[in-house]
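Asker: Protein chains in written order, with UniProt numbering: chain V, 1 to 320; chain H, 1 to 320. C-beta: ideal position from N, C-alpha, C; glycine also. All values reported here derive from a predicted model rather than from experimental measurement.
Number of protein chains: 2
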Amino acid sequence: MAVIENEKASRFPDAELKARAAWHYYVEGLTQERISEILGIGRIKVHRILSAAREEGVVQFRIRDSVVECVQLEESLKQRFGLSQAVVVPSAADRSNAPLMIGHAAAAYLADNVNPGDVIALGWGRTLKFAINELPRRPIARTTVVSMLGGLTHAQPLNPTESAWEFAEKIGAECYLLPVPVYADRPEQRDAFMSQRSVQDVVFRARRANIAVLSVGSFSNDSPIAHYGFIKPSELEELQAAGAVGDILCHFIDAEGRTVDHEVNRRVCAYPLQDLSDIPTTILVSGGQEKIAVMRAALANTKVSVLITDEDAAKGLLNR
Amino acid sequence: MAVIENEKASRFPDAELKARAAWHYYVEGLTQERISEILGIGRIKVHRILSAAREEGVVQFRIRDSVVECVQLEESLKQRFGLSQAVVVPSAADRSNAPLMIGHAAAAYLADNVNPGDVIALGWGRTLKFAINELPRRPIARTTVVSMLGGLTHAQPLNPTESAWEFAEKIGAECYLLPVPVYADRPEQRDAFMSQRSVQDVVFRARRANIAVLSVGSFSNDSPIAHYGFIKPSELEELQAAGAVGDILCHFIDAEGRTVDHEVNRRVCAYPLQDLSDIPTTILVSGGQEKIAVMRAALANTKVSVLITDEDAAKGLLNR
DNA sequence: CCTCCCTGTGAACAATTTTTCTTTAATGTA
DNA sequence: TACATTAAAGAAAAATTGTTCACAGGGAGG
Chain V
1 MAVIENEKAS RFPDAELKAR AAWHYYVEGL TQERISEILG IGRIKVHRIL SAAREEGVVQ
61 FRIRDSVVEC VQLEESLKQR FGLSQAVVVP SAADRSNAPL MIGHAAAAYL ADNVNPGDVI
121 ALGWGRTLKF AINELPRRPI ARTTVVSMLG GLTHAQPLNP TESAWEFAEK IGAECYLLPV
181 PVYADRPEQR DAFMSQRSVQ DVVFRARRAN IAVLSVGSFS NDSPIAHYGF IKPSELEELQ
241 AAGAVGDILC HFIDAEGRTV DHEVNRRVCA YPLQDLSDIP TTILVSGGQE KIAVMRAALA
301 NTKVSVLITD EDAAKGLLNR
Chain H
1 MAVIENEKAS RFPDAELKAR AAWHYYVEGL TQERISEILG IGRIKVHRIL SAAREEGVVQ
61 FRIRDSVVEC VQLEESLKQR FGLSQAVVVP SAADRSNAPL MIGHAAAAYL ADNVNPGDVI
121 ALGWGRTLKF AINELPRRPI ARTTVVSMLG GLTHAQPLNP TESAWEFAEK IGAECYLLPV
181 PVYADRPEQR DAFMSQRSVQ DVVFRARRAN IAVLSVGSFS NDSPIAHYGF IKPSELEELQ
241 AAGAVGDILC HFIDAEGRTV DHEVNRRVCA YPLQDLSDIP TTILVSGGQE KIAVMRAALA
301 NTKVSVLITD EDAAKGLLNR
């Protein structure tokens, strides 16, 4: 039941082997045993290398044809929410795999749509993590990645800071991070943090981004924001009682997309929600049944240009 | 031992199912049994659909990291043969899979390097067939594909005409074909064919292409040119005796890349070899041990700008 | 109305892949 | 040196995938 796994203990650092094995297995169609002979290593090691290659996004799967129904949903979404583009992928059969599927599509989208010189303001979430993971490692000139969120003190693997860094590394971008925790202990501290010159500088850079990539979080209990302990369960209940349906950039919002009046929202160290409108292109990457409410809220009060989601969410959003 | 297979008998026309199944299997990582439950079809059918999806290039595998040694070979090739670009992939473990591997790389290259407005002059070969098969089906505006070779009367699956058509369809290009057999029965007939207005028109279009994509053939007996019967075994022997090391655009050439003086070369209905220099970018897609000699010959006497090959061939070409 | 193919399907079996658990080796620590 | 602790490799079992074969409709032609 561990929803958020730590980084796999065993990593194979040898990119050479991973690439070679992947070629033989996926492209040539050899059996793992055969590959073990060729590479002169144990059969099981081949298997482990291939697993690592998949997990790390060294091999990527691209599905050429899209599903008819998804294309129809894309059109409807564009029309309904005034999007410039929409991407809808089939829903994951296992609920918990939604981030995987949507992340995959997001990676493909970003690979095609990030251009030299772009400045990307980055949010946070499991879906985004998957997307970044699958992003091809190809440098794009003069790009910049700016994190819109502070970092977590614990919880390495799923961390705004970590994600931004990984993204930047993949595309050879400069990387700017908010050197503060995502939630300060108390509102006054937040204000102190945010007024720091270095923080203001990063926020300023984010404001000048031309692409914002973000996700929304729900209250389902496998949501990372709930799963990690940095928001107390009691606070989560209070937020829900106050009408919150989820969070965007770690700000909790109600069904109309407005920031809920609660102390937690005064402790968050992040790019200000209302300033998202300063960024020309906003890409919202989220999906799955349980995100429908938040997504609707986010779409209501945030100018989203591109929506990357799955069938379930698309249908949910369209069924008023 | 059937080297050149006919098109698989069983095709699944339902692109919807293929795409859905592929998503669940490759992206979400479900088991085939699970997918069968979801889609409400038998497990075995899922398996067959997935096979079809792979064969038809509906799912594609992309390997992100390249192999260090291959990168080094690419550099050496560029320098040695004055190429503007080189792509080297790991060699297939099973000799006969070389076209698969190289074709895969060629597809990736073409997908990234064909731009709107391009006119592509196309050669022929098993490797090219695989490349075309894996090409993503994405329209590229105002493109044109021109076949540089006549067609075969039999042998549907591996046919210059067929290949050109498939290529054109994939990228939404206009398609021009040479409406003559690749080898006329007698030289005078060839001249008659080639002087036809319609033929001249296509050749003219090819001459104005900006990209030529071609392959070379060797005398190994699984080579399509030998395998199909349109060159008699006795003629093949004569050609070899006359110093031919293989063919390029169905012209047989000697080790220096010059057209061998033999009747067969006077019967070929194809774009003239020496006119390749009129096309700014020439991409040579070939590899495998047995192609080294022809490739060297082709490189010696044809201005090749991009070479897509495998480790074996790369090493062979560099080891003088 | 009855064959004869032809196609699609599933069952049974074989091969491969994946997981789990054990063993081995390696490294650091008292 | 002995003792942990951890990482890597392997063997065996379990699960999944791939192949083969036989059978059930369902037209087309007799």
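1) Could you have a look at Ala9(V) and say whether DSSP puts it in helix, strand or coil?
2) Check whether chain V comes within 8 angstroms of Gly57(H), counting only Cβ atoms and requiring the distance to be less than that.
3) Tell me the residue span of the alpha helix (DSSP H) that contains Gly316(H).
4) Does the ligand ADP have a heavy atom nearer than 7 angstroms to the CB of Ala226(H)?
5) To the nearest angstrom, how far is the alpha carbon of Met1(V) from that of Asp222(V)?
6) Taking a contact to mean a Cβ-Cβ separation below 8 angstroms, would you say Arg64(H) touches Gly57(V) in this structure?
7) What's the gap between the Cα of Ser277(H) and the Cα of Gln200(H)?
8) Please confirm whether Ala209(H) and Val119(H) have their CB atoms less than 8 angstroms apart.
9) With a threshold of 7 angstroms on Cβ separation, who are the neighbours of Ile35(H) within its own chain once the five nearest residues in sequence on each side are excluded?
10) Could you check the C-alpha separation between Lys8(H) and Val59(V) for me, to the nearest Å?
11) Reducing DSSP to helix, strand and coil, say where Gly287(V) ends up.
12) Look at Leu318(H) and Leu77(H) and say whether their C-beta atoms are less than 8 angstroms apart.
13) Does the beta-carbon distance from Val89(H) to Glu74(H) come in below 8 angstroms?
14) With a threshold of 16 other CB atoms inside 10 Å of the CB of Ala192(V), please say whether the residue is buried or exposed.
15) In this structure, does DSSP put His104(H) in helix, strand or coil?
16) Is it right to say Ser84(V) is buried, meaning 16 or more other beta carbons lie within 10 angstroms of its own, or is it exposed?
17) If you compare alpha carbons, which of Arg54(H), Val145(H), Arg190(H) and Glu37(H) is closest to Val180(H)?
18) Counting C-beta neighbours from all protein chains within 10 Å, is the total for Thr31(V) 16 or more, i.e. buried, or is it exposed?
19) What is the C-beta distance between Leu239(V) and Val264(V), in whole angstroms, given that I count them as a contact (C-beta under 8 angstroms)?
20) Does the region 149-168 of chain H come within contact of the region 252-264 of chain H, defined as at least 3 CB pairs closer than 8 angstroms?
21) Just the Cα atoms here: how many angstroms apart are Ala92(V) and Lys315(H)?
22) How far does the beta strand (DSSP E) with Ile245(V) in it reach, from first residue to last?
23) What does Ala168(H) reach in chain V if we use C-beta pairs closer than 7 angstroms?
24) Can we say the region 126-133 of chain H touches the region 97-109 of chain H, given the rule of at least three CB pairs closer than 8 angstroms?
25) By the criterion of Cβ-Cβ separation under 7 angstroms, what are the contact partners of Val27(H) in chain V?
26) Using a C-beta cutoff of 8 angstroms, does Arg197(H) count as contacting chain V?
27) Kindly indicate the opening and closing residues of the beta strand (DSSP E) around Ser147(H).
28) Is it buried or exposed for Lys291(V), if we count other Cβ within 10 angstroms and need 16 for buried?
29) State the start and end residues of the unbroken beta strand (DSSP E) segment that holds Glu56(H).
30) Compare the C-beta of Ala131(H) against all C-beta atoms of chain V and say whether one is closer than 8 angstroms.
31) Which residue's Cα is closest to the Cα of Ala19(V): Glu33(H), Leu110(H), Ser218(H) and Phe61(H)?
32) When burial is assigned at 16 or more other CB atoms within 10 Å of the CB, is Gly42(H) buried or exposed?
33) Suppose you measure from the CA of Ser66(H) to the CA of Thr309(H); what does that come to, to the nearest Å?
34) At a Cβ cut of 8 angstroms, what residues of the region 177-204 of chain H count as close to chain V, listed as they run along the chain?
35) When DSSP labels each residue in this structure, what does Leu214(H) get in the three-state scheme?
36) Can you tell which of Ile49(H), Glu69(H), Ala53(H) and Ala52(H) has its C-alpha closest to the C-alpha of Ala15(V)?
Answerer: So, to answer that:
1) Any reading at Ala9(V) needs caution, since the residue's pLDDT is 33, under 50, leaving its predicted position unreliable; the model's value is listed next. Correct three-state label for Ala9(V): coil.
2) True, the Cβ-Cβ gap to chain V drops below 8 angstroms.
3) Glu311 to Leu318
4) Summarising the ligand content, the structure contains no ligands, and the ligand ADP is consequently not present.
5) Any reading at Met1(V) is ruled out, since the residue's pLDDT is 32, under 50, leaving its predicted position unreliable.
6) Going by C-beta atoms, Arg64(H) is nearer than 8 angstroms to Gly57(V).
7) The straight-line gap from Cα to Cα measures roughly 18 angstroms.
8) yes
9) Ala21, His24, Tyr25 and Val46
10) Note that Lys8(H) scores a pLDDT of 35, beneath 50, so its modelled location is shaky; the value from the coordinates is reported in the next line. Cα to Cα, Lys8(H) sits roughly 27 angstroms from Val59(V).
11) coil
12) In contact: Leu318(H) and Leu77(H) (Cβ atoms closer than 8 angstroms).
13) no
14) Exposed is the call here.
15) helix
16) Exposed.
17) Arg190(H)
18) Classification for Thr31(V): exposed.
19) 6 angstroms
20) no
21) 45 angstroms
22) A small correction: the amino acid at residue 245(V) is Val; Ile does not occupy that position in the sequence shown. Start and end: Ala244 to Ile248.
23) Near Ala168(H) there are no residues of chain V at all, since even the closest Cβ is about 17 angstroms away, more than 7 angstroms.
24) yes
25) Phe61, Leu100, Met101 and His104
26) no
27) Thr144 to Ser147
28) buried
29) Premise fails: Glu56(H) is in no beta strand (DSSP E) and is neither H nor E.
30) no
31) Phe61(H)
32) exposed
33) Rounded to whole angstroms, Ser66(H) and Thr309(H) show a C-alpha spacing of 14 angstroms.
34) Residues: none.
35) strand
36) Of the candidates Ile49(H), Glu69(H), Ala53(H) and Ala52(H), Glu69(H) places its Cα closest to the Cα of Ala15(V).
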